[in-house]
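Engineer:
In my numbering, the protein residues as written are 54 to 105.
#1: Quick check: the Cα distance between residue 81 and residue 101, rounded to an integer number of angstroms?
#2: Which residues bound the alpha helix (DSSP H) around residue 85?
#3: What does a CB cutoff of less than 8 angstroms around residue 93 pick up in its chain, not counting 5 residues either side in sequence?
#4: Mind checking whether residue 65 and residue 86 have CB atoms under 8 angstroms apart?
#5: In whole angstroms, what separates the C-alpha of residue 69 from that of residue 95?
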C-alpha cells in the first residue's frame, strides 16, 4: 500500500503524542485518523465537512 508520509506508523505515534500533550494543556482539538489512503479524493470529500 502506498502511504503518504503523514500516514506512516512512526508519524501517527507522534501525532497521538502531540494530541495528548495538547489535551493535557487544556487545548481543545480533534485528531482524526483515517484508515487506508486518506489523501485520495473520496476521503477528502468525507473529511472536508469536519473542518469547514
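No residue lacks a Cβ here, since even glycine has one placed at the ideal position from N, Cα and C.
Structural biologist: Taking the definition as stated:
#1: 19 angstroms
#2: It is not in any alpha helix (DSSP H) - residue 85 carries neither H nor E in the DSSP assignment.
#3: Same-chain partners within the cutoff: there are none.
#4: yes
#5: 24 angstroms
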